[in-house]
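*Asks:*
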Ligand SMILES: [Zn+2]
């Protein structure tokens, strides 16, 4: 049950990790779209400028015939020349923004292909995680039911001790002993305690974390345990590994 709850706690993190690439590419599409809008707006502004400028130049041209003196005529030609120069400046800017618009449109197209891929990948991963969540929930409720059934038959004082330990030790009230180590706190326990746990004839607690210790194999007789202890001078008591 503790393992399942642990896995369940990790699922939202996994989902968030799976969603990160999709979020990133979605943000890129939004950024590019904003750039495209602003470039399009700039281009339109310059196009309007050009229209206004052209109608003004047209008026200037029609006035040419109304001019009386050569001096006036020359001055007016100069104005028209300046106006033409301004026109080509505006046209150049329009070209610059047209290029930008095209560049952003292509960028958006590429990003949208990537976004579709990221979306597909995320959808697959989410479905996988959802299925895992459902499986874990079913498994947990099954175990909770079994736990209830077994708890009925357990001595009240012992059950209270177990429940208290479970709450204090992140759902793990029990710990197997492996290689002389309590697997709850991963500390080396005394060879005497290991031997007692291996005999499995009493309920014993880890001297460090208080978890109830158990031996995973068959109970081991006194003689075998003693021999085993003598062969194993590996760790100091309480050493963390
Ligand atoms: Zn321990």
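Numbering (our numbering), first residue to last: 3 to 243. The C-beta atom is built at its ideal place from N, Cα and C for all residues, glycine as well.
(1) How about residue 81 and residue 100: are their beta carbons less than 8 angstroms apart?
(2) Any heavy atom of ligand 1 closer than 7 angstroms to the beta-carbon of residue 2?
(3) For residue 174 and residue 183, which I take to be in contact (beta-carbon distance under 8 angstroms), what is that distance rounded to the nearest angstrom?
(4) When you measure from the CB of residue 167 to every non-hydrogen atom of ligand 1, does any distance come out below 7 angstroms?
(5) Closest to residue 163 by C-alpha separation, out of 212, 142, 35, would be which residue?
(6) Give the secondary structure of residue 27 by DSSP, where H, G and I count as helix, E and B as strand, and everything else as coil.
(7) Confirm the yes/no value for this check: CB of residue 189, any heavy atom of ligand 1, distance under 7 angstroms.
(8) Suppose the cutoff is 8 angstroms on Cβ atoms and the five residues either side in sequence are ignored; what does the same chain contact list for residue 141 look like?
(9) What runs of the alpha helix (DSSP H), each 4 residues or longer, lie entirely inside the region 159 to 219?
(10) Pick from 171, 120, 217, 158: whose alpha carbon is nearest that of residue 30?
(11) In this structure, does DSSP put residue 69 in helix, strand or coil?
(12) Check whether the Cβ atoms of residue 179 and residue 156 sit closer than 8 angstroms, and answer yes or no.
(13) Return helix, strand or coil for residue 221, following the three-state DSSP convention.
(14) Please classify residue 155: does DSSP put it in a helix, a strand, or coil?
(15) Once the 5 residues before and after residue 95 are set aside, which same chain residues still bring their CB inside 7 angstroms of it?
(16) For residue 126, is the classification buried or exposed, using 16 other Cβ atoms within 10 angstroms of its Cβ as the cut-off for buried?
(17) What's the call for residue 221, buried or exposed, on a 16-neighbour Cβ count within 10 Å?
(18) Does DSSP put residue 3 in a helix, in a strand, or in coil?
*Replies:* From the atom records:
(1) no
(2) For the chain, the structure presents residues 3 to 243; residue 2 sits outside this window and is missing.
(3) Not really, about 15 angstroms apart at Cβ, beyond 8 angstroms.
(4) no
(5) 212
(6) helix
(7) yes
(8) 6
(9) 193 to 201
(10) 120
(11) coil
(12) no
(13) coil
(14) coil
(15) 48
(16) exposed
(17) exposed
(18) coil
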